[in-house]
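This note's numbering puts the first residue of the sequence shown at 745, with every later residue one more than the last. Report on the structure given below.
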Amino acid sequence: MVNTLTQHWVEQDQDGEPEQRLRFQGQYFDVETGLHYNRFRYYDPDVGRFVSQDVVRLVGGINFYFYAANPIAFVDPWGMAPIAHQRNGKTLCIKDKFAANSPESKELKNFVDRWNKQIKNNGGSMTRRVLSSQEQKDSDEWKRKIRCQCLAGKVAGHVPDAAAGGPAVPLDWMAQFPATNGYVGGLVRHLPVGYSYDNVKLVADLANC
């Protein structure tokens, strides 16, 4: 029995590393145009916006051209996703992105109701802020201690998030689905520091804010 060794020679590109064409989730770099292909629309990375209007119009918010409220916390793989929140003066509107009557939707409604109670207990308003190093340590320590009280599949969440104006060690908290906890946390991170509000409104459509 004879073993045959076959050698295959592959030409190596000496000019550099292979090009990586993936961009934000759902986007692919188009070499010919220099834009990011996003299925329904093209995104211009130089100006940080789409080159055409959002096909869902006002359902997606008042800005027809942006990718997402925060591309780190949110994604818009189809180029059509609505933003998570909208500010109308002192009213902070949050879009309920979950299916109607789903456990997540009901939990989000409960969270917002309790959030408004904490606003009232805080003197009638709250302000988006950045936690100090000590406050962050206190918050992390509280989460570590309270974690054991949550059922499987749930996480401990401040009501409201400390960065939304609540204390580092909360006066109220909820065992939340990771989806609702992450959703609220993501939109709070996008709020401008220093923004003060006196109520939170949960809406199915941000056009009703």
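Glycine included, every Cβ here is placed at the ideal spot set by N, Cα and C. This structure is a prediction, so every number in the text was calculated from the model and none was measured.
First and last residue of the uninterrupted beta strand (DSSP E) at residue i
i    : result
A900 : 899 to 902
N943 : 943 to 947
Residue of the options minimising C-alpha distance to residue i
i    : options                : result
N856 : V874, S876, T835, Q771 : Checking the sequence, you will find Val at residue 856 rather than Asn. For the residues V874, S876, T835, Q771, the minimum Cα distance to V856 belongs to T835.
Q880 : H902, P789, Q830       : H902
K841 : G833, K864, L852, N832 : L852
S877 : A912, G833, V791       : A912
L946 : W886, K839, G833       : K839
Per-residue DSSP class, three states only, for residue i
i    : result
D774 : coil
R785 : strand
R765 : coil
A907 : helix
A919 : strand
Neighbour flag for residue i against chain C, beta carbons, 9 Å
i    : result
Q893 : Absent from the structure: chain C. Only one protein chain is present.
Residue i burial status per 10 Å Cβ neighbour count (16 or more: buried)
i    : result
G909 : buried
S940 : exposed
R785 : buried
T924 : buried
A896 : exposed
V874 : exposed
N782 : buried
Residue i: first and last residue of the uninterrupted alpha helix (DSSP H) it sits in
i    : result
A923 : 922 to 934
D882 : 877 to 890
Can you check the segment 829 to 862 for any alpha helix (DSSP H) of at least 4 residues that lies completely inside it and give the ranges in chain order?
-> Scanning the segment 829 to 862 for uninterrupted alpha helix (DSSP H) segments of 4 residues or longer gives nothing; none is fully contained.
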